Amino acid sequence: MARFGSNKDEKRVKLEKGAYKRAMRIFKFISPYKGIFFIGIIFLILSSITSMGFPYLVGELFGTKDPSQIDTNVDWKEFEDTNLVMYLLFGVFIANAFFSFFRIYLFSIVTEKTLRDLRNRAFEKLIHSPISFFDKSKVGELSSRIATDINLLQELLMTTLAEFIRQWLTVIISTAVIAYTSPRLAIIMLSIVPIVLILTIIFGKAIKRLSKKAQDAAAESNSILGEVLSGIKNVKAFANESYEMVRYGNYNETIKSLSIKSAIWRGLFASFIIIGMFGAVSIVIWQGVLLLQTGELEMEEFIRFILFTVFLGASFGGIGTLLGAIQKAIGATERLMDIIYQDEEAKNENGITEDLKGNVTFENIGFFYETRPDVQVLNELNLNVQSGQSIAIVGPSGAGKSTLSSLLLRFYNPTSGTILFDGINATQYNIQSLRSNMAIVPQDVILFAGTILENIAYGNVDATEKQIFEAAKIANAFDFINAFPDGFNTLVGDRGIQLSGGQKQRIAIARAVLKNPKILILDEATSSLDSESEQLVQEALDRLMEGRTTFVIAHRLSTIKNADKIIVLEKGKLVESGTHDELVKHGGVYANLSSIQLG
Ligand SMILES: Nc1ncnc2c1ncn2[C@@H]1O[C@H](COP(=O)(O)OP(=O)(O)O)[C@@H](O)[C@H]1O
Ligand SMILES: [Mg+2]
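Taken in order, the sequence shown gives residues 1 to 599; the numbers are from the working numbering.
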């Protein structure tokens with residue numbers, strides 16, 4: 001939770017130090033398009049320069065004469081012709097329009113291509129992240145962060161950066177023109193600018209700090225919203241509406257106060273700019289008029305000076321706001337880059353890819369979760385399963401049964417000990433190939449938004465329609481699916497129909513049938529079913545288990561009586577193992593459970 005959480009202040013201070021550098025890793029993603037970007041920058045510079053032609057020529061206009069009044073014989077100066085200056089002005093507009101169009105077009109090419117690459121890369125990274133990463137971060141927060149961060153980045157690349165460069169160019173050109181036009185007036189003007197600059201930096205920092213806090217609180221409140229909505233039945237069933245309202249309200253309150261605080265700073269900043277700039281302009285006009293009166297300054301120079309001063313002031317004000325936007329975008333970029341550059345799951349691409357026979361051995365397996373190192377979840381666990389055997393795992397909730405299946409799937413590496421598949425250390429295998437030999441039917445089956453056909457095909461995307469129907473038949477699912485008006489094309493998931501637990505379970509079984517795994521894991525697959533659908537599911541499972549090594553986690557003993565071996569886990573330790581009859585005879589934990597459940 002360190003990176004995506006929000007209340008670890010000392011962590012964040014550390015983050016901010018390298019933030020800029022880490023954000024700069026984005027250049028790797030822009031660099032394929034740097035040619036276009038560079039041309040875009042040139043157009044940007046050209047359009048900025050031509051837009052400076054406006055105040056220059058308008059100033060010039062005041063020094064021109066009616067063309068008929070110009071004495072062409074004596075020292076003809078082209079800038080004295082009012083109409084000619086006007087034509088030039090139009091030329092400048094047209095050039096500016098042309099450059100601006102291409103600036104926007106080229107920047108959007110670079111931005112959109114970069115963002116496409118970034119989105120793909122972020123998705124690829126996330127999908128290849130180790131499961132332990134998802135233990136540490138909230139999924140809702142993660143996805144909304146990525147969405148907002150990408151938006152911020154789009155704004156940065158498309159407008160903020162261009163504006164920033166344009167404003168600075170305006171500042172530089174305006175300063176040069178002002179200094180050239182009247183050094184004396186320029187000195188008065190520029191003596192105010194450094195003060196503005198220093199205050200801009202101070203304001204910018206304060207605003208950034210506050211807006212980051214507000215952003216974090218907003219992410220937190222969004223994740224509560226998501227949690228509550230997706231678990232609305234839970235909230236109501238526990239009558240926890242007021243608890244959730246307080247929880248959400250607290251974050252909302254924080255967002256409000258932080259945003260208002262940041263608004264006060266921004267307001268102060270705006271006021272400061274207004275006083276600073278208007279004050280400066282008035283002083284300059286007053287001094288300028290004095291210079292006009294003594295004839296040290298010409299009217300056209302004065303007008304030009306005033307116009308450029310206005311441009312300068314506006315650009316300076318703009319830079320302050322842009323600075324805030326840039327800092328926000330740097331924060332967003334940094335977080336995106338952290339995701340993109342984080343460690344992927346070690347996949348051992350060059351490892352063994354051979355199909356498994358289905359022998360599994362656990363040797364002295366010890367395990368704890370990184371996020372909870374104080375809880376030893378599995379302890380000195382030894383287990384040997386032959387190919388095709390079914391092994392049942394029994395034990396109270398929290399005993400470590402599901403953890404054991406996670407270790408089989410190599411979602412985590414054991415903290416100590418080794419897992420062997422067909423006598424070979426699990427770490428020797430190519431991880432994806434290893435997983436392709438296994439299938440899991442969990443208690444809560446997640447169906448994707450799509451058709452039932454697509455959901456079954458998830459077990460093997462290359463399967464033919466015929467194979468899918470066959471799998472559905474084996475899974476006892478064919479008949480109920482065909483009973484829907486749309487049959488296999490019935491939509492399920494968020495926008496589709498709701499299936500019962502037993503129906504979902506059978507779709508998951510059909511998926512597993514298609515996958516045709518050597519090792520099958522059933523994690524309380526029938527626990528939440530009523531007895532009628534349990535029977536249908538159990539029948540399907542029995543067919544699925546045939547010829548495969550199967551790990552059956554169950555708390556209903558009736559489903560595991562015929563297992564080749566039953567092990568009893570308690571607090572991560574194997575306390576009993578044997579067949580049903582052996583364990584009943586033994587008279588321990590299992591015998592106890594058995595007499596309660598089976599009578
Ligand atoms: N992702 C996780 N991160 C930290 N602790 C976990 C995680 N999953 C499970 N645990 C803890 O590990 C222990 C065993 O959990 P689990 O294997 O799910 O038990 P079972 O399936 O037997 O009910 C429990 O104490 C549980 O709180
Ligand atoms: Mg479990």
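Note that CB positions come from ideal geometry on N, CA and C, so glycine has one too.
Predicted model, so just to flag it, every value in this text is computed and none were measured.
#### Entry: Local Cβ density within 10 Å of Glu60, reported as buried at 16 or more and exposed below that
buried
### C-alpha distance - Phe99 paired with Val92, whole-angstrom precision
10 Å
### Rounded straight-line distance, which links the Cα of Thr50 to that of Met86
15 Å
### Message
Please report the straight-line C-alpha distance between Glu546 and Ala475, rounded to a whole angstrom.
### Response
13 Å
### Message
For Ser387, which residues in the same chain have their Cβ closer than 6 Å to its Cβ, ignoring the five residues on either side in sequence?
### Response
Lys357, Gly358, Asn359, Thr549
#### Entry: As assigned by DSSP and simplified to three states, the class of Asn476
Residue state for Asn476 is assigned as coil, using DSSP reduced to three classes.
### Query
Which residue's Cα is closest to the Cα of Gln535: Arg506, Glu470, Lys518, Arg511?
Arg506
### Query
Any idea if Val13 is buried or exposed, counting beta-carbon neighbours within 10 angstroms, 16 or more meaning buried?
Confidence at Val13 is low in this model, with a pLDDT of 36, below 50, so the placement of that residue should be treated as unreliable; the coordinate-derived value is given next. So Val13 counts as exposed.
### Query
Who are the Cβ neighbours of Ile109 in its own chain at under 6 Å, not counting the five residues just before and after it?
Ile36
### Query
Can you give the Cα-Cα distance for Glu301 and Leu312, rounded to whole angstroms?
Spanning the two alpha carbons is a distance of roughly 16 Å.
### Query
Which whole-angstrom value describes the C-beta separation of Glu344 and Ser129, a residue pair presumed to lie in contact below a C-beta threshold of 8 Å?
7 Å
### Message
Taking contact to mean 3 or more Cβ pairs, one atom from each stretch, closer than 8 Å, check whether the segment 377 to 394 and the segment 571 to 581 are in contact.
### Response
yes
### Task
Look up Val394 in the DSSP assignment and say whether it is helix, strand or coil.
strand
#### Entry: His586 classed as buried or exposed, judged by whether at least 16 other C-beta atoms fall within 10 angstroms
exposed
### Task
Identify every residue that forms a DSSP beta bridge with Phe421.
Phe421 is bridged by DSSP to Val360, Ile424.
#### Entry: Check: Gly398 C-beta below 7 Å from any heavy atom of ligand 1
yes
### Task
Examine ligand 1 and report whether any of its heavy atoms sits within less than 7 Å of the Cβ of Lys136.
no
### Task
Verify the contact flag: Asp216, CB atom, against every heavy atom of ligand 2, threshold strictly below 7 Å.
The answer is no for Asp216.
### Message
According to DSSP, Val568 sits in a beta bridge with which residue or residues?
### Response
Val394, Glu576
### Query
Do you know offhand how far Tyr590's Cα is from Val568's?
7 Å
### Message
Can you tell me whether Ala2 is buried or exposed? The criterion is at least 16 other CB atoms within 10 Å of its CB, across all chains shown.
### Response
Its pLDDT being 35, under 50, Ala2 is placed unreliably in this model, and the value from its coordinates should be taken loosely. It counts as exposed.
### Task
Taking 8 Å as the cut-off, decide whether the C-beta atoms of Arg22 and Asp338 are in contact.
In contact: Arg22 and Asp338 (Cβ atoms closer than 8 Å).
### Query
In terms of alpha-carbon separation, which member of Glu141, Leu520, Ile94, Lys213 lies closest to Pro442?
Leu520
### Task
Could you work out which residue in Gln389, Gly450, Thr353 is closest to Ser605 when comparing CA atoms only?
As shown, the chain starts at 1 and ends at 599. That puts residue 605 outside it, with no answer to give.
### Query
From Ile566 to Thr361, what does the alpha carbon distance come to, in whole angstroms?
15 Å
### Task
Measure the C-alpha to C-alpha separation of Phe484 and Ala471 and round it to an integer number of angstroms.
18 Å
#### Entry: Met438: first and last residue of the uninterrupted beta strand (DSSP E) it sits in
For Met438, the enclosing beta strand (DSSP E) begins and ends at 438 to 441.
### Query
Alpha carbon to alpha carbon, how far is Thr600 from Ile509?
Because residue 600 is not part of the residues shown, which for the chain are 1 to 599, the question remains open.
### Query
Where do the N-terminal and C-terminal ends of the beta strand (DSSP E) with Thr50 fall, by residue?
First-last for Thr50: 34 to 61, but that is the alpha helix (DSSP H), not the beta strand (DSSP E).
### Message
Beta-carbon within less than 7 Å of Lys401's beta-carbon, same chain only, minus the 5 sequence neighbours each way: which residues are those?
### Response
Ile393, Gly395, Ile553, Leu569
#### Entry: For Val284, three-class secondary structure by DSSP
helix
### Task
Taking only the alpha-carbon atoms, compute the straight-line gap between Lys561 and Arg543 and give it to the nearest angstrom.
16 Å
#### Entry: Glu570: CB within 7 Å of a non-hydrogen atom of ligand 2
no
### Bridge partners - Ser132, DSSP secondary structure assignment
Ser132 is not bridged to any residue.
### Query
Any idea what DSSP makes of Glu370, helix, strand or coil?
coil
### Task
Could you spell out the range, first to last residue, of the beta strand (DSSP E) harbouring Ile553?
Where Ile553 is concerned, the enclosing beta strand (DSSP E) stretches over 549 to 553.
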